[in-house]
Amino acid sequence: MLAALAITTQLPKSTSLIKPGDLSTPHSQILASTRETDRCASCHDDRLFRGPAFLSSHKELRTQTQRCLDCHHTTMPRDTAKFAHNLPSDLRDSIRLASLERQTLSRNSLSPGSWHDSLPQPAVNQEDIECSACHREHQGAMHDLTALSDAQCQTCHHDRFGSFADAHPEFGLWPYEDNTKSLRSQNTARPIDFDHRSHATKHYPQSSKLGSPETFDCNSCHQVNLLGVVSRSVNYEIACSRCHDNALQTEITDGIELASLPSLDSSIVTDSGTWPEAATGFLDGKISPFAQLLIRESDEMSRAIATVPEQDFSRINPSDAVQMASAESIAVAIHDLLNEIAERGQSGLRERLIKAGLPTASVDKLIRTFPPQLVETGLDQWFQAEVTGRMQTRMIPSDQDGVRTVQFQLPGADLLLEEDLLAEPSEGADALLEGAPVKNSLRDPLRSDDLNSGESSDLLGDEGLLDDEMLDADLLTDRLASDDALTDDYGDELLSREALEDDALDNSAWGNDALVGGSSDVKISTPRKKSRRFDAQSMLVSGGWYRDDLRFALRYRAAGHADPVLTALIELAASLQSNDPLANRVLENKTVAACVRCHPGAANRPGNWNSINRIGRRDQFTKFSHGPHLNIASLANCTACHQVVDSDLSGDEKHANWISAVTGRSTPQAEMHNHEFAPIQKSDCATCHIRNAAGDSCVKCHRYHIDLGWESLQ
Amino acid sequence: MRPIRFSTRRRIGASVTLFAVALFAGLAWLINTRLGHASVFTGATLLACLLGLILLGLRRRLPFLRMGNVSTWTQVHLYTGFFTTAIYVLHAPAIIGDGILECSLSIVFLTVTVSGFYGIYISRTIPRRLTQIGGQHRFDRVQWHRNQIAMAADKLMSELQDSSAIRVLGGFSQRYLQPFFDSRPSLAYVLAPNGVRRRRLLSGLGQLNRYLETEGRGTAGQLSALVRRRDDLDYQFALQLRLRLWLVLHGFLSIALVVGGFVHAFVAWQYIG
Chain X
1 MLAALAITTQ LPKSTSLIKP GDLSTPHSQI LASTRETDRC ASCHDDRLFR
51 GPAFLSSHKE LRTQTQRCLD CHHTTMPRDT AKFAHNLPSD LRDSIRLASL
101 ERQTLSRNSL SPGSWHDSLP QPAVNQEDIE CSACHREHQG AMHDLTALSD
151 AQCQTCHHDR FGSFADAHPE FGLWPYEDNT KSLRSQNTAR PIDFDHRSHA
201 TKHYPQSSKL GSPETFDCNS CHQVNLLGVV SRSVNYEIAC SRCHDNALQT
251 EITDGIELAS LPSLDSSIVT DSGTWPEAAT GFLDGKISPF AQLLIRESDE
301 MSRAIATVPE QDFSRINPSD AVQMASAESI AVAIHDLLNE IAERGQSGLR
351 ERLIKAGLPT ASVDKLIRTF PPQLVETGLD QWFQAEVTGR MQTRMIPSDQ
401 DGVRTVQFQL PGADLLLEED LLAEPSEGAD ALLEGAPVKN SLRDPLRSDD
451 LNSGESSDLL GDEGLLDDEM LDADLLTDRL ASDDALTDDY GDELLSREAL
501 EDDALDNSAW GNDALVGGSS DVKISTPRKK SRRFDAQSML VSGGWYRDDL
551 RFALRYRAAG HADPVLTALI ELAASLQSND PLANRVLENK TVAACVRCHP
601 GAANRPGNWN SINRIGRRDQ FTKFSHGPHL NIASLANCTA CHQVVDSDLS
651 GDEKHANWIS AVTGRSTPQA EMHNHEFAPI QKSDCATCHI RNAAGDSCVK
701 CHRYHIDLGW ESLQ
Chain Y
1001 MRPIRFSTRR RIGASVTLFA VALFAGLAWL INTRLGHASV FTGATLLACL
1051 LGLILLGLRR RLPFLRMGNV STWTQVHLYT GFFTTAIYVL HAPAIIGDGI
1101 LECSLSIVFL TVTVSGFYGI YISRTIPRRL TQIGGQHRFD RVQWHRNQIA
1151 MAADKLMSEL QDSSAIRVLG GFSQRYLQPF FDSRPSLAYV LAPNGVRRRR
1201 LLSGLGQLNR YLETEGRGTA GQLSALVRRR DDLDYQFALQ LRLRLWLVLH
1251 GFLSIALVVG GFVHAFVAWQ YIG
């Protein structure tokens, strides 16, 4: 034995004390620069040869799988690395149940079993599979760590097969059936719902008859790059716009509505000054989905909205006190919303949407182009009684005494056209200016405080400010604007004439101001005739936000395909809970529906606008690459495998029967959608994929390590 | 019990061994297919077989134990050896391991295996060769018999009366016969016993006959007989020594193999991951 040891130490092959075999080339290359003593420790716990340390608790040992994941953590997440297929048990069970269901529905007999079936199930814990179960090192430099035999693959499976050509199940409707269905979401909506059949058999031939040179060519949209990867979709501008752009522009003309003031019943609005007069009289208007999303912060508001039938104020029963109360609270909420936007700008919108649980990125994309000033001017326009903070001023000519006077203009009033506001207030003037009581229950949130007693003519109520001497003054009669103001009854020296004589505003430069001037006449240009309603179609040809004063609404007109606001809105709708009726309301909008009609996947999963290339996709069990196949002359044409269904088939039932006849499987009508391609037959692949040719092992076309997180990274 | 024929026994043994090898190979394949560690299975089988193989030596040293006859044990030992060799190939397809420990263990195993096969060969050939020679000489008394032969040769020479015979045979004896009778056989002869020196001596004695008278010829004839006896003795000594040395080597390496096997099993279990 000693002699043998002595001999072996001299052999160039043996440089390690313990070495069951050569490492595979990838690992040996990585560890080539590692010290001899550390090379084993890269993958094994070397505590065995560290003396007393060996006696320490084995609980501290890191498993070999953990060491594998130190380098291979990008291939699979650590928390699911030891699960079979890196999938949690509930997902595996659902896949298994689906498989059983397919077998039950299949007309053909079950696939021929394997000799494995006669043996007991292997003792493999599907929740705790070590890496070394399949990947064995020290088999030599040329050993392929990823190579597994079919029998090894099928060890854990309940359904086992022999050779690919003889025993593998038919493909069914693959790859079309599971086009975008992910293992996690089981979402069957396609990102782009393009009907190949109708385009190939109907639209393109018709356009050809009309003289269009276009023919239905697969390569027009599915282009092959240098690596042999076939793109699944192409730009809208290249493929679709020529035929679909006009129709799309028509469909999105209406746009979407941010919010609108409903028309309220007179009983609700007891004082028309607090609500636009044009929106007072009878209940009308709808709660737009966007507005609903913004105001349903509380359960109370959600209940109120739910009380309104179909979110349509016109359907409210005026004798129903609950509905009426809900209408009032919703109107107040909308008003509050607009006020908040006017005061806080996009922040107000942003906070509400994020608070509703919507993703920040989509929220920002949605509100990025929104101008808060639109709301501010809208409120000014609509709520002419609103005084605080929304005054316009102009300088009127100075009198002979050189006293500048300032005139306050009410919102909506035209200084040049209205009568002199310094006169006695006319009937219907702003009640605030007169200090009239506010008796209606539709309270202005700005006024809904203790200051408003509702009885006293003094708006300030019992506040300490009641002692303010200004309260009794007629605010219309601006003391500063009249000569009498100079005789300050209150002894205010600031109002003394002498002080104003030195007024800094008394600037000769003001003489150049057309509104001020040095003369007593105010020269202004002829005002632009303001149309009653904004024509968005002609004024916003490139899309944008606008205000509909006729309907007291804030709306958005889309620009066209891939409009950023519409896409953001659809992504927000897709982010909502699947059972949230608001999502459907958003998607039912005509403009939104025009987008979702071609991009149904986006309505189910945010950002699912384009078809993701299947190549390199690690969340599917099946892998396929066009590259090697396109090198074969007989397969270079797409139609060699992908054959559009003949259009003679009419009706889903007939097509369903045909599908069943081809696949040998009875497909429930409810589950089947109109497949446009003929299923790919297994026999077509088995022509080349035999053992001695292209290969027919399981790992040739199937993947073991499934990365559920791959989808979220795209 | 009626003894079975040798050929029958061999057929039975070979069949059982082949069946066992096939069975274990299938089990190893099955374990590997079902994601198990076939090397653990084959390694454990190897270790068990080695332990079983060395039990033969135990049986030989404990004849008082009623555990069957040595012949049966020997047959079991032989076929278990064949089986072990096949399992080793399943366990280590590369035959020679890479690491120092594994390589040493591989060499020892191969040495034991080869010696085992050699043991089968010499156990079949040497006894027949020994039987052909005739006479039964205990190994530990070979030297005594050598001394007896040398003394007999000296006596014959001392009893010669004829002067010419004394002169002729004396010179030949002094030059060739006494070194032959007095010394031990050479290492080369022990390793590869042959009849070269025997034939040379006998040929020489035969050529002296023309120089000898009747007495001298008679003495030469007796000396030739002693030469034959001595050569046969040396031949037996060589063959017996070979057998004994083989046994020591095979047994000792087997013990070392078992010890090394346990060490390897322990290390492999720690590193299996």
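The listed protein sequences correspond, in order, to chains X and Y. Quick note: the first sequence uses this note's numbering, first residue 1, plus one each step. Quick note: the second sequence uses this note's numbering, first residue 1001, plus one each step. Glycine included, every Cβ here is placed at the ideal spot set by N, Cα and C.
query	result
Check each residue of the stretch 154-166 of chain X: if its Cβ is closer than 7 angstroms to any Cβ of chain Y, include it; give the result in chain order.	Thr155
How would you list, in chain order, the residues of chain X whose beta-carbon sits under 7 angstroms from the beta-carbon of Y/Gly1261?	In chain order: nothing, as chain X lies at least about 11 angstroms away.
Could you compute how far the alpha carbon of Y/Arg1217 sits from the alpha carbon of Y/Leu1223?	10 angstroms
Under 6 angstroms Cβ to Cβ from X/Arg533, same chain only, skipping five residues before and after it: list those, please.	Leu550
DSSP three-state label for X/Ile18, please.	coil
Which residues in the same chain have their Cβ closer than 6 angstroms to the Cβ of X/Ala81, if we skip the five residues on either side of it in sequence?	Leu69
May I have the straight-line CA-CA distance separating X/Leu572 from X/Ala361, to the nearest angstrom?	10 angstroms
Can the beta-carbon of X/Arg557 be found less than 9 angstroms from the beta-carbon of X/Gly255?	yes
So, using beta-carbon positions, are X/Phe677 and X/Val644 closer together than 9 angstroms?	yes
Smallest Cα separation from X/Thr250: which of X/Ala147, X/Gln537, X/Arg197, X/Phe290?	X/Gln537
Helix, strand or coil for X/Ile256, going by three-state DSSP, please let me know.	strand
To be precise: take each residue of the stretch 132-146 of chain X, compare its Cβ to all Cβ atoms of chain Y, and keep it if any distance is under 7 angstroms. Which residues remain?	Ser132, Ala133, Cys134
Please confirm if Y/Leu1030 has its CB atom under 9 angstroms from at least one CB of chain X.	yes
Any idea which residues DSSP pairs X/Ser263 with across the strands?	X/Asp284
Just to confirm before moving on: does the CB-CB distance between Y/Arg1175 and Y/Asp1231 stay below 9 angstroms?	no
According to a CB-to-CB cut-off of less than 7 angstroms, which residues of the stretch 17-28 of chain X neighbour chain Y?	Leu17, Ile18, Lys19, Pro20, Gly21, Asp22
Residues of the stretch 233-252 of chain X in Cβ contact with chain Y at a cutoff of 9 angstroms, in chain order, please.	none
Below 7 angstroms between beta carbons is the criterion; list the residues of the stretch 1009-1042 of chain Y that meet it against any residue of chain X, in chain order.	Thr1033, Arg1034, Leu1035
Would you say Y/Ala1094 faces chain X, with C-beta separation under 9 angstroms as the test?	yes
Taking Y/Asp1234 as part of the alpha helix (DSSP H), name the residues at either end of that continuous run.	1214-1271
Can you tell which of X/Arg102, X/Lys202, X/Thr215 has its C-alpha closest to the C-alpha of X/Asp159?	X/Arg102
Determine the DSSP secondary structure at X/Val269, reduced to helix, strand or coil.	coil
Please go through the same chain and pick out, in chain order, the residues whose beta-carbon is closer than 7 angstroms to the beta-carbon of Y/Val1021, but skip the five residues on each side of it.	Phe1083, Ala1086
Just reading off the alpha helix (DSSP H) that X/Asp364 is part of, what are its end residues?	360-367
Express the C-alpha separation of Y/Leu1239 and Y/Leu1257 in angstroms, rounding to a whole number.	27 angstroms
Tell me whether the stretch 631-640 of chain X and the stretch 596-608 of chain X touch, counting them as touching only if at least three CB pairs, one residue from each stretch, are closer than 8 angstroms.	no
Cβ closer than 7 angstroms: which chain Y residues qualify as neighbours of X/Val124?	Leu1035
So Y/Ala1165 packs on Y/Thr1219, CB below 8 angstroms; how close in whole Å?	6 angstroms
Going along the chain, which residues of its own chain have a beta-carbon closer than 7 angstroms to the beta-carbon of Y/Gly1251, five neighbours each way excluded?	Gly1057
Between which two residues does the alpha helix (DSSP H) containing Y/Gly1081 stretch?	1070-1091
Distance check for X/Ser302 and X/Arg296, CA to CA, integer angstroms please.	5 angstroms
On a Cα-Cα basis, can you pick out the residue from Y/Leu1078, Y/Arg1061, Y/His1037, Y/Val1040 that is closest to Y/Ala1014?	Y/Leu1078
Can you find the residues in the same chain that come closer than 8 angstroms, C-beta to C-beta, to Y/Val1112, ignoring five residues on each side of it along the sequence?	His1250, Leu1253, Ser1254, Leu1257
What's the gap between the Cα of Y/Asn1032 and the Cα of X/Leu630?	37 angstroms
List the residues of chain Y that X/Ser715 touches, going by C-beta distances under 9 angstroms, in chain order.	Residue 715 of chain X is absent from the model: chain X starts at 1 and stops at 714.
Using alpha carbons as the reference points, say which of X/Gly544, X/Val375, X/Leu358, X/Leu587 lies closest to X/Arg344.	X/Val375
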